[in-house]
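Residues 254 to 704 in my numbering are what the sequence shown spells out, letter by letter. We treat Cβ as the ideally placed atom computed from N, Cα and C, and that holds for glycine. Here's the structure we're looking at; comments come further down.
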Amino acid sequence: MAIKQKRFMLAESDIPTRWYNIQAEMLNKPAPMLNPKTKEPVTVEELSKLISLQAARQELNFTDAWIDIPEPVLDMYRYYRSTPLVRAYGLEKALGTPAHIYFKNESASPIGSHKLNSALPQAYYCKEEGATNITTETGAGQWGCALSYASKVFGLECAVYQVKISYEQKPYRRSVMQAFGAQVTPSPSMSTRAGKDILTKYPNHQGSLGTAISEAVELALTTPGCKYSLGSVMSHVSLHQTIIGLEAELQMQMAGEYPDVVIGCFGGGSNFSGIAFPFMRHNIAGERATRFVAAEPESCPKLTRGKFCYDFGDESGYTPLMPMYSLGHNFKPANIHAGGLRYHGAGVVVSQLLKDKLMEAVDVSQLSSFEAGLLFAKSEGIVPAPESCHAIAAAIEEAKQCIPTGEEKVILFCLSGHGLMDMSAYDQFISGSLGNYTISDADIMKNVANL
Ligand SMILES: *Cc1c(COP(=O)(O)O)cnc(C)c1O
């Protein structure tokens, strides 16, 4: 009997050595990010006060389609890359679909998600440019874990502000950050002026990404040798994540197929961009007509129901104004378990691509995401992150459409992380105590009205 190959891996020497910068090849470039005070386009110099100079340059690079991955970063990538491309025979069988389903398994990274792909270069650039410290915010903690480890690798002190309610309710990711030597502070805290102001006004504030960003930004701006770092939304983060799709393209060649549809879950867009952009370049060049689908939560539907406008990236209004699909920077998403998808905006590149119909978006309810995740767990043996369950639900939907038609559609999705630290969410789903959160048009209108 012929052996059906299930898992496709690259030799170390075949791992891509450059990232793909879609900004250089987009026919319609995104409108510029604006300085909120002057309303002028932000410059590399302004950005580099906060983030590393290299990251700032990449953020505003609209000319170079390919950017070399620094050798010390490649050297770290080689510990866990390539990640496996897997043909999901088990899921196909469970669905009874003629579709060919593939997933790119980013949960195989040491910290269990794709976030390390950008944490490593960001920490490396900071160190190279002479920084001694790095700081960031984290919600559920995936980004904080990635940056804590990357900081340890490159010899930086890392301070993470974690949303207080997550710090208390989800202690294990905090333990992971501390295991890597990071200093983790629940936000709001008394260690910054921003935190003190919030606590004076609201002594029982449970924290939000907005409070944590404000504290991390303040620490970076007031501490010599300290840089700030972001885990999603920004173009340089998406750039670093293209290693996912560049590998997947080579691995699909090994499988002898090319995807008809590429799917990623969508929080701030980094894993979606990472798997999609390398394939999208062939659409831009007119060589392919692949579909790209971003799967967002029904309770935080910026792509499917948000407004395209200039908005801040954070709750407090510290970031540049970004032209993007948004639900408003004051939008308070429901407390769904897919914490990484609870973000109000979509980033400038993906927003422009969606506007130009180079990609599509779908929304997924919390219950259908967990249902999809459990089917995947039972048929493939990996418990997916609650975020990744959204991509799985969208992939299953595509695969089901093939049942009546017999179409052997080739579906590729990104498994952005595993869910082994999110088992309390699965417990709740299995015991029937999870619900859905919908949001009315009126509520969305109210939030975006004054943007
Ligand atoms: C952070 C995170 C996400 C969402 O972030 P994106 O930038 O949209 O990719 C999705 N999945 C996992 C596992 C995450 O940790």
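Would you kindly report the start and end of the unbroken beta strand (DSSP E) that includes residue 436?
As a working mapping, residue 436 is identified with position 183 in the sequence shown. Taken as a continuous stretch (DSSP letters only), the beta strand (DSSP E) holding residue 436 covers 436-440.
Is residue 415 helix, strand or coil by DSSP?
In the sequence shown, counting from the first residue as 1, residue 415 sits at position 162. If DSSP states are grouped into helix, strand and coil, residue 415 belongs with the strands.
So, helix, strand or coil for residue 427, using DSSP?
Looking up residue 427 in the sequence shown gives position 174. Looking at residue 427 - three-state DSSP - the assignment turns out to be helix.
From this set, 504, 394, 550 and 302, which residue's C-alpha is nearest residue 619's C-alpha?
Along the sequence shown, one-based indexing puts residue 619 at 366. Of the listed residues, the one whose Cα sits closest to residue 619 is 550.
Apart from the five residues just before and just after residue 340, which ones in its own chain have a Cβ nearer than 6 Å to its Cβ?
Counting from 1 along the sequence shown, the entry for residue 340 is found at position 87. 259 and 355, listed in sequence order.
Considering only the beta carbon of each residue, do residue 420 and residue 441 sit closer than 8 Å?
What you label residue 420 is simply residue 167 of the sequence shown in a count that begins at 1. What you label residue 441 is simply residue 188 of the sequence shown in a count that begins at 1. No. Outside cutoff.
Kindly indicate which three-state DSSP category residue 662 falls into: helix, strand or coil?
Taking the first residue of the sequence shown as position 1, residue 662 is located at position 409. Here residue 662 sits in coil by DSSP.
So, at 6 Å on beta carbons, what are the nonlocal neighbours of residue 360 in its own chain, with the 5 sequence-adjacent residues on each side left out?
As a first step, residue 360 is located in the sequence shown; it is residue number 107 there, counting from the start. The residues are 668, 670 and 671.
Tell me, to the nearest whole angstrom, how far the beta carbon of residue 564 is from that of residue 579; I am working on the premise that it is less than 8 Å.
Walking along the sequence shown from the start, residue 564 turns up at place 311. Walking along the sequence shown from the start, residue 579 turns up at place 326. Yes, they are in contact, since the Cβ atoms of residue 564 and residue 579 sit about 4 Å apart, within 8 Å.
Could you check which residue in 562, 493 and 301 has the C-alpha nearest to that of residue 704?
Here residue 704 refers to the residue found at position 451 of the sequence shown. Of 562, 493 and 301, the residue nearest in Cα terms is 562.
Can you tell me which of 423, 490, 655 and 609 puts its alpha carbon nearest to the alpha carbon of residue 351?
Along the sequence shown, read from residue 1 onward, the residue named residue 351 stands at position 98. Nearest option by C-alpha distance: 655.
Reducing DSSP to helix, strand and coil, say where residue 483 ends up.
The residue labelled residue 483 in the question sits at position 230 within the sequence shown. Note: residue 483 maps to coil in three-state DSSP.
In chain order, what are the residue ranges of uninterrupted alpha helix (DSSP H) at least 4 long that sit wholly in the stretch 507-591?
DSSP runs (the alpha helix (DSSP H)) wholly in the stretch 507-591: 523-537 and 555-558.
Check whether the Cβ of residue 666 lies closer than 7 Å to any heavy atom of ligand 1, and answer yes or no.
The count along the sequence shown starts at 1 and reaches residue 666 at position 413. No - ligand 1 has no heavy atom lying nearer than 7 Å to the Cβ of residue 666.
Identify every residue that forms a DSSP beta bridge with residue 319.
The residue labelled residue 319 in the question sits at position 66 within the sequence shown. The partner list for residue 319 (beta bridge, DSSP) reads 273.
Could you spell out the range, first to last residue, of the alpha helix (DSSP H) harbouring residue 601?
If you number the sequence shown from 1, residue 601 lands on position 348. From DSSP, the alpha helix (DSSP H) with residue 601 extends over 601-608.
So residue 263 packs on residue 503, CB below 8 Å; how close in whole Å?
Residue 263 sits at position 10 when you count from the first residue of the sequence shown. Residue 503 sits at position 250 when you count from the first residue of the sequence shown. Going by Cβ atoms, the distance from residue 263 to residue 503 rounds to 6 Å, so yes, they are a contact pair.
Tell me whether residue 599 counts as near ligand 1, meaning its Cβ is closer than 7 Å to at least one heavy atom of that ligand.
Indexing the sequence shown from 1 puts residue 599 at position 346. Flag unset: Cβ of residue 599 not near ligand 1.
For residue 475, report the span of its alpha helix (DSSP H) as first-last.
As a first step, residue 475 must be located in the sequence shown, where it is residue number 222. Where residue 475 is concerned, the enclosing alpha helix (DSSP H) stretches over 462-475.
Which of the three DSSP states, helix, strand or coil, is assigned to residue 495?
Within the sequence shown, residue 495 is the residue found at index 242, counting from 1. Here residue 495 sits in helix by DSSP.
With hydrogens ignored, establish whether the beta-carbon of residue 670 is closer than 7 Å to any heavy atom of ligand 1.
Position 417 of the sequence shown, counting from 1, holds the residue named residue 670. Under cutoff, so the answer is yes.
To which residues of the same chain is residue 531 closer than 7 Å at the C-beta, ignoring the five residues directly before and after it?
As a working mapping, residue 531 is identified with position 278 in the sequence shown. Hits under 7 Å: 273, 495, 498, 499 and 502.
Roughly how many angstroms lie between the CA atoms of residue 309 and residue 533, to the nearest whole one?
The residue you call residue 309 lines up with position 56 of the sequence shown. The residue you call residue 533 lines up with position 280 of the sequence shown. When rounded, the distance between both Cα atoms is 24 Å.
My understanding is that residue 606 touches residue 614, with C-beta atoms under 8 Å, so please give their C-beta distance in whole angstroms.
Locating residue 606 in the sequence shown gives position 353, counting from the first residue. Locating residue 614 in the sequence shown gives position 361, counting from the first residue. With 8 Å as the limit, residue 606 and residue 614 do not qualify as a contact, their Cβ atoms being about 10 Å apart.
Using CA atoms only, rank isn't needed, just tell me which of 337, 348, 401 and 344 is closest to residue 630.
Working through the sequence shown from its first residue, we reach residue 630 at position 377. Answer by Cα proximity: 344.
Starting from residue 298, trace the beta strand (DSSP E) both ways and give me its first and last residue.
Here residue 298 is taken as the residue at index 45 of the sequence shown, counted from 1. No beta strand (DSSP E) holds residue 298; the alpha helix (DSSP H) holding it covers 297-300.
Taking Cβ positions, are residue 398 and residue 364 nearer each other than 8 Å?
The residue you call residue 398 lines up with position 145 of the sequence shown. The residue you call residue 364 lines up with position 111 of the sequence shown. Yes, the pair counts as a contact, with Cβ atoms nearer than the cut-off.
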